[in-house]
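Numbering (the working numbering), first residue to last: 4 to 152.
Worksheet for the structure shown next.
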């Protein structure tokens, strides 16, 4: 079985679509979404899981740290056909899957006013890294999309 290094991946659900961006790590150490971004209909649960697995397999490429003046626009905007990140975020549910220190974390985000989102640590689920990755990804998708009937 392939072991994956520590990393950070996102699953964003908005209006019947699941967005799975490639998460790049900047030289400064923070993460940002970049292409490729997979967009999958949420009714296709297995395809959502497959998209997350492909993002994990792509890893977290290291990119130069953008300056404030040259920070790129989120590639999610074009994919969702919206003009501002705040418009996108108002109707989106964001989930993080992270692997570090021998465990996977599934972390939902909660919206905060006036704008933005924070990790909801009270609803975070931790799974040991001995858990098979497809089981972890299935659990992420189940939490993000709700249980199947």
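All C-beta atoms, glycine included, are put in the ideal place defined by N, C-alpha and C.
{"query": "Would you report the Cα separation of residue 31 and residue 137, rounded to the nearest angstrom?", "result": "30 Å"}
{"query": "If I follow the unbroken alpha helix (DSSP H) through residue 60, where does it start and stop?", "result": "48 to 61"}
{"query": "For residue 79 and residue 22, I'd like the C-alpha separation in whole angstroms.", "result": "8 Å"}
{"query": "Alpha carbon to alpha carbon, how far is residue 141 from residue 64?", "result": "24 Å"}
{"query": "Just reading off the alpha helix (DSSP H) that residue 83 is part of, what are its end residues?", "result": "78 to 83"}
{"query": "Report, in whole angstroms, the separation of the C-beta atoms of residue 58 and residue 12, which I expect to be a contact under 8 Å.", "result": "5 Å"}
{"query": "Give the secondary structure of residue 4 by DSSP, where H, G and I count as helix, E and B as strand, and everything else as coil.", "result": "At residue 4 the pLDDT is 41, less than 50, meaning the model places this residue with poor confidence and gives no usable figure here."}
{"query": "Have a look at 67, 42 and 45 and flag the residue whose alpha-carbon is nearest the alpha-carbon of residue 34.", "result": "67"}
{"query": "Considering only C-alpha positions, which residue in the set 36, 150, 9 and 148 is nearest to residue 82?", "result": "36"}
{"query": "Indicate the three-state DSSP secondary structure (helix, strand or coil) for residue 18 in the structure shown.", "result": "coil"}
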